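Protein sequences, first through last, are from chains A and B. Numbering-wise (my numbering), the first sequence opens with residue 1 and increments by one. Numbering-wise (my numbering), the second sequence opens with residue 1 and increments by one. Glycine included, every Cβ here is placed at the ideal spot set by N, Cα and C. All values derive from a computational prediction rather than experimental measurement.
Number of protein chains: 2
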Amino acid sequence: MFIYYRIVRYKDEHKKESIIKATIKLVNDIGFVSSSVSKIAKEASVSPATIYIYYKNKDDLLVSTYIEIKKKIGMALLKDFDDTLPLKDTLLRSWKNGFFYIAENPGLFQFTEQFSYSPYGELVDKKDVEKYFEPIIKVLQTGIEQKIIKNVNFDILTTFIFFPVMILSNTRLCSNFEINEDNIETAFSLAWDAIKL
Amino acid sequence: MFIYYRIVRYKDEHKKESIIKATIKLVNDIGFVSSSVSKIAKEASVSPATIYIYYKNKDDLLVSTYIEIKKKIGMALLKDFDDTLPLKDTLLRSWKNGFFYIAENPGLFQFTEQFSYSPYGELVDKKDVEKYFEPIIKVLQTGIEQKIIKNVNFDILTTFIFFPVMILSNTRLCSNFEINEDNIETAFSLAWDAIKL
DNA sequence: ACAATAAGTGAATGTTCATTTATTATAGAA
DNA sequence: TTCTATAATAAATGAACATTCACTTATTGT
Chain A
1 MFIYYRIVRY
11 KDEHKKESII
21 KATIKLVNDI
31 GFVSSSVSKI
41 AKEASVSPAT
51 IYIYYKNKDD
61 LLVSTYIEIK
71 KKIGMALLKD
81 FDDTLPLKDT
91 LLRSWKNGFF
101 YIAENPGLFQ
111 FTEQFSYSPY
121 GELVDKKDVE
131 KYFEPIIKVL
141 QTGIEQKIIK
151 NVNFDILTTF
161 IFFPVMILSN
171 TRLCSNFEIN
181 EDNIETAFSL
191 AWDAIKL
Chain B
1 MFIYYRIVRY
11 KDEHKKESII
21 KATIKLVNDI
31 GFVSSSVSKI
41 AKEASVSPAT
51 IYIYYKNKDD
61 LLVSTYIEIK
71 KKIGMALLKD
81 FDDTLPLKDT
91 LLRSWKNGFF
101 YIAENPGLFQ
111 FTEQFSYSPY
121 GELVDKKDVE
131 KYFEPIIKVL
141 QTGIEQKIIK
151 NVNFDILTTF
161 IFFPVMILSN
171 TRLCSNFEIN
181 EDNIETAFSL
191 AWDAIKL
């Protein structure tokens, strides 16, 4: 007869968080090309080998960081989500949530932009990300059925109602767009004109 | 008395072109992170040292490649440019030019996307790029003055009338948007609804 | 034919890379 | 307190990196 013990020295979640934080900071400051595991380790004040306790390899670290951020952004977007409101108001609320979250966390956003336009983007299972945005996508589909918005290819719709948030939030692309209630509403009115029937 | 000779072996422009071509191919295939000078040299069938005859360093090679591509895209966009047409027609023509050029040269477009969202983007003097797009920007300004399109922040305007071309052309972002006359015109009608007064 | 000079190169440079190995530190059940 | 599994690490590894070096090849006016 055998008795199995489970004696564990628990992983330090604070350490994991500081590795992710260091990854984001470094990638934003010097880019993927220059962000080595040792530099990330130094920034997080851990040994390079420690990173390999929490992540399989460098790719795993970067992909996990990306998904973690996408989850946060998705949740921010859906704050106070209420699809009993008129469609237009539901969308505008998400716009505002998105703009203000990105404005308060520019590093998170910048990381995802750089990541998703690089070949790292292909390492991500899209479904792992899309699930965080599902409710708002469903709202659009309902809008088409109720003949409130144009019945066009879904890619076209998202181009005009989601991407403007990302483009206008990108200070590199839009240096003259100041993020405040008025400007968001002005921009939103163009988006709404584009998609409304 | 001295006699100075000026005897030159001229640089082989074909070689320079093959280095740029190799750079684009490699960056698209494996990304900036993995594209080393030696790999680019091998792809171009030259010695790594040869690259340093044509370019100061690796950054110079990448930035030059980017500007070269932007010039080509800008010129494609402005093919048959005619600002005596109604504003709407001028813009639609550019949309079609843009879509079809990108569709025929997906590698060029993909390189610029990856480049401009990476820290390499900061190495480029924006004016070196903007000049290739100037005529079409002026058309928009005229449209505002003539009260044909909305008088809003210029960043908002470009978000709805230029970026959709880039988003919809990006197969990674829009896998369900097929590029043909009909679909381009449908997408353009949303853009026009957004910006028209 | 030859002098002059730039184009072009393969190999070597020292550095940095991602990852592994060998070892120590520590938490917690018995 | 003792024991054990895992966290954590410093140091080591071989491969790959950007760039330079010493050299050869090609071109062209004289």
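Item: The stretch 22–39 of chain B / the stretch 108–118 of chain B touching (three or more Cβ pairs under 8 Å); Value: yes
Item: Residues sharing a beta bridge with Lys196 of chain B, DSSP; Value: B:Ile149
Item: Below-8 Å beta-carbon distance, Ala49 of chain B vs any chain A residue; Value: no
Item: Lys15 of chain A - DSSP class collapsed to helix/strand/coil; Value: helix
Item: For Ile136 of chain A and Leu78 of chain A, believed in contact at Cβ under 8 Å, the rounded distance; Value: 7 Å
Item: Residues near Tyr5 of chain B in its chain [Cβ-Cβ closer than 7 Å; skip 5 each side]; Value: Unreliable placement is indicated for Tyr5 of chain B, whose pLDDT of 43 sits below 50; no coordinate value is reported for it.
Item: C-alpha gap between Met166 of chain A and Asp182 of chain A, whole angstroms; Value: 17 Å
Item: Interface residues of chain B facing Gln114 of chain A [CB-CB closer than 7 Å]; Value: Tyr117, Ser118
Item: Where the alpha helix (DSSP H) through Tyr52 of chain B begins and ends; Value: 48–54
Item: is_contact[Phe177 of chain A, chain B] using C-beta, thresh 8 Å; Value: yes
Item: Cα-Cα separation between Ala41 of chain B and Glu13 of chain A, rounded to whole angstroms; Value: 44 Å
Item: Distance between Val152 of chain B and Asp83 of chain B (C-alpha atoms, nearest Å); Value: 21 Å
Item: Leu190 of chain A versus Lys147 of chain B: straight-line alpha-carbon distance, rounded; Value: 16 Å
Item: Of the residues B:Phe163, B:Asp155, B:Asn170, the one placed nearest Cys174 of chain A, counting alpha carbons only; Value: B:Asp155
Item: Sub-8 Å separation of Thr198 of chain B and Val139 of chain B beta-carbons; Value: Outside the displayed range of chain B (1 to 197) lies residue 198 of chain B, so it cannot be described from this structure.
Item: Leu123 of chain A: CB within 7 Å of a non-hydrogen atom of the ligand GDP; Value: In terms of ligand content, the structure shown is empty, and the ligand GDP therefore cannot be addressed.
Item: Assigned exposure category for Gln141 of chain A - 16 Cβ within 10 Å defines buried; Value: exposed
Item: Assumed close pair Ile24 of chain A, Thr65 of chain A - CB separation to whole angstroms, cut-off 8 Å; Value: 6 Å
Item: Run of the alpha helix (DSSP H) containing Val124 of chain B, from where it starts to where it stops; Value: Val124 of chain B -> no alpha helix (DSSP H), and no H or E assigned at all.
Item: Rounded C-alpha distance that separates Lys56 of chain B from Glu68 of chain B; Value: 16 Å
Item: Residue-level contact to chain A via CB, Pro152 of chain B, 8 Å cutoff; Value: The sequence shown places Val at residue 152 of chain B, not Pro. Val152 of chain B counts as touching chain A.
Item: Lys15 of chain A and Val46 of chain A closer than 8 Å at C-beta; Value: yes
Item: Own chain residues within Cβ distance below 7 Å of Ile7 of chain B, not counting five before or after; Value: Model confidence at Ile7 of chain B stands at a pLDDT of 47, short of 50, so the residue's coordinates are unreliable; what they give is reported in the following sentence. Result list for Ile7 of chain B: empty, nothing under 7 Å.
Item: Interface residues of chain A facing Ile30 of chain B [CB-CB closer than 7 Å]; Value: Pro119
Item: Other residues of its chain near Trp95 of chain A: CB distance less than 7 Å, five sequence neighbours each side excluded; Value: Val165, Ile184, Phe188
Item: Burial state of Ser169 of chain B, where buried means 16 or more other Cβ atoms lie within 10 Å; Value: buried
Item: Proximity winner among B:Ile102, B:Leu157, B:Tyr120, B:Ile73, relative to Ala194 of chain A (alpha-carbon distances); Value: B:Leu157
Item: Residue-chain proximity (Ala187 of chain A, chain B), Cβ-Cβ < 8 Å; Value: yes
Item: Beta-carbon contacts of Glu145 of chain A that lie in its chain and below 7 Å, excluding the five residues immediately before and after; Value: none
Item: Residues near Lys39 of chain B in its chain [Cβ-Cβ closer than 7 Å; skip 5 each side]; Value: Leu26
Item: Reference Phe111 of chain A; option with closest CA among A:Ser18, A:Ile73, A:Phe160; Value: A:Ile73
Item: Within-8 Å CB hit, Pro164 of chain A to chain B; Value: yes
Item: Simplified DSSP assignment, three categories, for Ile184 of chain A; Value: helix
Item: Integer Cβ distance of Asn28 of chain A from Gly107 of chain A, believed to fall under 8 Å; Value: 5 Å
Item: Beta-carbon proximity check, Ala103 of chain B vs Ile179 of chain B, cutoff 8 Å; Value: yes
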